[in-house]
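Number of protein chains: 2
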Amino acid sequence: MPRALVLLSGGLDSATCAALARDAGHDIFTLTFDYGSRHSKEVDAANALAQHFGSEKHMVFKLALDKIGGSALLDESEEIRQNGVADDIPSTYVPARNIIFLSIALAHAERFGCDAIFIGANAIDYSGYPDCRPEFIEAFQKMADVGTKRGAEGRPIQIVAPLVDLSKAEIINKGMVLGVPYNLTWSCYLGGEKKACGKCDACQFRLKGFEEAGYDDPIEYGN
Amino acid sequence: MPRALVLLSGGLDSATCAALARDAGHDIFTLTFDYGSRHSKEVDAANALAQHFGSEKHMVFKLALDKIGGSALLDESEEIRQNGVADDIPSTYVPARNIIFLSIALAHAERFGCDAIFIGANAIDYSGYPDCRPEFIEAFQKMADVGTKRGAEGRPIQIVAPLVDLSKAEIINKGMVLGVPYNLTWSCYLGGEKKACGKCDACQFRLKGFEEAGYDDPIEYGN
Chain A
1 MPRALVLLSG GLDSATCAAL ARDAGHDIFT LTFDYGSRHS KEVDAANALA QHFGSEKHMV
61 FKLALDKIGG SALLDESEEI RQNGVADDIP STYVPARNII FLSIALAHAE RFGCDAIFIG
121 ANAIDYSGYP DCRPEFIEAF QKMADVGTKR GAEGRPIQIV APLVDLSKAE IINKGMVLGV
181 PYNLTWSCYL GGEKKACGKC DACQFRLKGF EEAGYDDPIE YGN
Chain B
1001 MPRALVLLSG GLDSATCAAL ARDAGHDIFT LTFDYGSRHS KEVDAANALA QHFGSEKHMV
1061 FKLALDKIGG SALLDESEEI RQNGVADDIP STYVPARNII FLSIALAHAE RFGCDAIFIG
1121 ANAIDYSGYP DCRPEFIEAF QKMADVGTKR GAEGRPIQIV APLVDLSKAE IINKGMVLGV
1181 PYNLTWSCYL GGEKKACGKC DACQFRLKGF EEAGYDDPIE YGN
């Protein structure tokens, strides 16, 4: 079976992505970034999901994005916006995050002979990040085609972003059909001891998605 | 003065690049990757060069590319080719290296308000790496223009590869005019105690460059 590398953040989107990659008949390899965010709940969630999906090889790659800074997700001194969703690029934007993640994914895909990289980037409920848009994915593909050995040899690695045009509710609907264990996922930016905050952008998108999809979110909220 | 981020590997090309960025009137910031290659001589050389060029802020970013593997530069078990230069992509190719380096540079450039990133990529004496070609730099620029906050705001960060079309001799000629301290640079893949091997691809390109430029290479060779 062809191999696919799935970027597994521990969140709802990447979990759905893993299910789609497996459903499409790939042997899946999984890559999670431990990048110095405020809590390790996402990494724990990703480990659980990798096991659930039977990843052939689950890799956790350390990346000190907190040393760079420039984002409320990485810098304790900046406040994470809890008053909902706005039109501008929010304070949780991490400079070049998906660019960096996909670049390191390319290296892993070349190394382990994966023909595709699945990323759960999403442009609809995307919090305003420029590196979650379809035009970014297309531009990254073109760059990868000329910048990698595989591309230069005429066997380019495909960047697959199957959620890019879907609403959160549509993603959840797809995932429920495929049996994604959303109880294992973690979306909250704030990371309470056991429960998600329910207030940050990520929680709000998630809750709205479950509501619109007509399902109960299986994780606990409140602090 | 406008700020430029210079990727400083410790080698001859990136040192020349730093001199060109400064000569073009930039305040320079410098970024070096400590990426698990066989020796730290490159990082030491980069530190010395950053000091020489008066870098406003010199950053050493740890990146465990050796955990990914897939290159003789990173993996003790693969032999580094010492019999000169061939047409194919050599065993020292590190999967997606310049893609990863430029991606992390983008994040630093956004964070520190740099308008340009200078990279010493070189397509002439380039050892056959696909991510050293002008078409790669162009494709990366387009991707960065859509994938970053700066790009989305209409203030894209320019990727500048001033050496991309130059031979090693032309690079050295430019650098000598600008007073680049080539005695501080390190190019050898093998990294002897004090001296470069003189045999690997990198040493051969360097020695040939100095010979063609009509200068003596100020570093020592032999083991």
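For the protein sequence lines, the chains are A and B, in the order given. If you're matching positions, the first sequence starts at 1 in our numbering and goes up one per residue. If you're matching positions, the second sequence starts at 1001 in our numbering and goes up one per residue. Note that beta-carbon positions come from the ideal geometry of N, C-alpha and C, so glycine has one too.
What would DSSP say about residue i, mapped onto helix, strand or coil?
i: F61 of chain A; result: strand
i: L1106 of chain B; result: helix
i: Y288 of chain A; result: The question about residue 288 of chain A has no answer here: the residues shown for chain A are numbered 1 through 223.
i: T30 of chain A; result: strand
i: R206 of chain A; result: helix
i: I159 of chain A; result: strand
i: L8 of chain A; result: coil
i: R3 of chain A; result: strand
i: I1172 of chain B; result: helix
i: F1053 of chain B; result: coil
i: A116 of chain A; result: strand
i: A1139 of chain B; result: helix
Looking at the C-beta of residue i, does it have a partner C-beta in chain A at a distance below 9 angstroms?
i: I1100 of chain B; result: yes
i: F1140 of chain B; result: yes
i: A1050 of chain B; result: no
i: Q1204 of chain B; result: no
i: Y1189 of chain B; result: no
i: F1136 of chain B; result: yes
i: S1103 of chain B; result: yes
i: H1058 of chain B; result: no
i: I1068 of chain B; result: yes
i: Y1093 of chain B; result: yes
i: G1108 of chain B; result: Going by the sequence as given, residue 1108 of chain B is His instead of Gly. Yes, H1108 of chain B counts as interfacial toward chain A.
i: R1155 of chain B; result: no
i: A1152 of chain B; result: yes
Can you round the beta-carbon distance between residue i and residue j to whole angstroms, since I take them to be within the 8 angstroms contact cut?
i: K1194 of chain B; j: E1220 of chain B; result: 7 angstroms
i: K1149 of chain B; j: P95 of chain A; result: 7 angstroms
i: F101 of chain A; j: L7 of chain A; result: 6 angstroms
i: S1103 of chain B; j: I99 of chain A; result: 5 angstroms
i: H58 of chain A; j: I1068 of chain B; result: That belief does not hold up - the Cβ atoms of H58 of chain A and I1068 of chain B are roughly 14 angstroms apart, past 8 angstroms.
i: D131 of chain A; j: R97 of chain A; result: 6 angstroms
i: D1115 of chain B; j: I1157 of chain B; result: 6 angstroms
Less than 9 angstroms between CB atoms is the rule here; does residue i satisfy it with respect to chain C?
i: R1003 of chain B; result: Absent from the structure is chain C; the protein chains it does hold are A and B.
Within 9 angstroms (strictly less), CB to CB, does residue i reach chain B?
i: M176 of chain A; result: no
i: P181 of chain A; result: no
i: V164 of chain A; result: no
i: T148 of chain A; result: yes
i: A96 of chain A; result: yes
i: L7 of chain A; result: no
i: K208 of chain A; result: no
i: A33 of chain A; result: Going by the sequence as given, residue 33 of chain A is Phe instead of Ala. It does not; no Cβ of chain B falls within 9 angstroms.
i: K62 of chain A; result: yes
i: D216 of chain A; result: no
i: A116 of chain A; result: no
i: D201 of chain A; result: no
For residue i, collect the residues of the same chain with a Cβ closer than 7 angstroms to its Cβ; drop the 5 residues on either side in sequence, then sort them by chain order.
i: S55 of chain A; result: I28, F29, T30
i: T1016 of chain B; result: G1120, L1163, I1171, K1174, G1175, V1180
i: H52 of chain A; result: P181, L184
i: G1113 of chain B; result: R1003
Which residues in the same chain have their Cβ closer than 8 angstroms to the Cβ of residue i, if we skip the five residues on either side of it in sequence?
i: A64 of chain A; result: Y35, G36
i: G209 of chain A; result: L12, D125, S167, K168, A169, I171, I172
i: E110 of chain A; result: T148, K149, R150, I157
i: A123 of chain A; result: C132, R133, P134, V164, D165
In chain order, what residues of the same chain lie with their CB nearer than 6 angstroms to the CB of residue i, ignoring the 5 residues before and after it?
i: C1203 of chain B; result: C1188, A1196, C1197
i: G10 of chain A; result: E42, A45, A46, W186
i: E1212 of chain B; result: A1169
i: A1048 of chain B; result: L1184
Given 8 angstroms, three or more beta-carbon pairs between the stretch 26-34 of chain A and the stretch 3-13 of chain A: yes
Assess, as a yes-or-no matter, whether the stretch 1007-1026 of chain B is touched by the stretch 204-220 of chain A under the definition of 3 or more beta carbon pairs within less than 8 angstroms. no
Contact between the stretch 1129-1145 of chain B and the stretch 1175-1190 of chain B (3+ Cβ pairs under 8 angstroms): no
State whether the stretch 1115-1135 of chain B contacts the stretch 1157-1173 of chain B, with contact taken as three or more CB pairs (one from each stretch) at a distance under 8 angstroms. yes
Taking contact to mean at least 3 C-beta pairs separated by less than 8 angstroms, is the stretch 148-161 of chain A in contact with the stretch 1140-1157 of chain B? no
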